[in-house]
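Notes for the one structure printed next.
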Amino acid sequence: MAKSSIAALAEAGVTNPSQMMFADLLTKQLEGVENTEVVVSITTVPPNTTLPKHWHPGEEFAYVLEGSLTLWQEGKPDEHYKKGDVGLVPLKQVHTVSTQEEGTTVLVFRVHELGQPGRTLVE
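For the sequence shown, my numbering begins at 3 and goes up steadily by one.
Dropping the structure here:
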């Protein structure tokens, strides 16, 4: 994670942001679908951490590789996921993820408009 990203997480109130890991494994424009790309990422969130609230310019699909998490989405009840579970965050849905005693590692697939930022933080 870039130093500026760690600083942004710290400013957003994430404890131990240096233990976070975000890595894009693949970014590719989709063939036959104009102005659309897919991004495959892996994210590790340490125990007792809540990410800043944010949204994505497309749909987000997540597969929990390790640990467990709680997904908060604006206007919806909390959803709890553990290893092997799959979840979905709709287009531009404000959300965040939190962990408890154990952290989590998640494989994430995002499909969104080509050239848009991966996420937009909200207050």
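Virtual Cβ for every residue (Gly too), placed ideally from N, Cα, C.
Member of the options whose CA lies at the smallest distance from the CA of residue i
i: glutamate 62; options: Gln118, Glu115, Val110 and Gly117; result: Val110
i: valine 66; options: Val113, Thr38, Glu104 and Gln118; result: Glu104
i: serine 100; options: Met22, Thr52 and Thr107; result: Thr52
i: glycine 107; options: Val47, Val41 and Val40; result: Note that residue 107 is threonine in the sequence shown, not glycine. The residue with the shortest Cα to Cα distance from threonine 107 is Val47.
i: leucine 69; options: His58, Gln75 and His82; result: Here the sequence assigns glycine to residue 69, which means leucine is not the residue at that position. Among His58, Gln75 and His82, the Cα nearest to that of glycine 69 belongs to His82.
Cβ neighbour criterion (16 or more within 10 Å) applied to residue i
i: alanine 25; result: exposed
i: valine 124; result: exposed
i: leucine 93; result: exposed
Whole-number beta carbon distance between residue j and residue i, since they are thought to touch under 8 Å
i: histidine 114; j: glycine 77; result: Not really, about 21 Å apart at Cβ, beyond 8 Å.
i: valine 73; j: histidine 56; result: According to the sequence provided, residue 73 is leucine. The question's valine does not apply to it. That belief does not hold up - the Cβ atoms of leucine 73 and histidine 56 are roughly 12 Å apart, past 8 Å.
i: leucine 116; j: threonine 45; result: With a Cβ gap of about 22 Å, leucine 116 and threonine 45 do not count as contacting.
Open item on the list: Any contact between the stretch 26-40 and the stretch 78-95? By contact I mean 3 or more CB pairs, one from each, below 8 Å.
Closed with: Judged by Cβ distances under 8 Å, the stretch 26-40 makes no contact with the stretch 78-95, as fewer than three pairs qualify.
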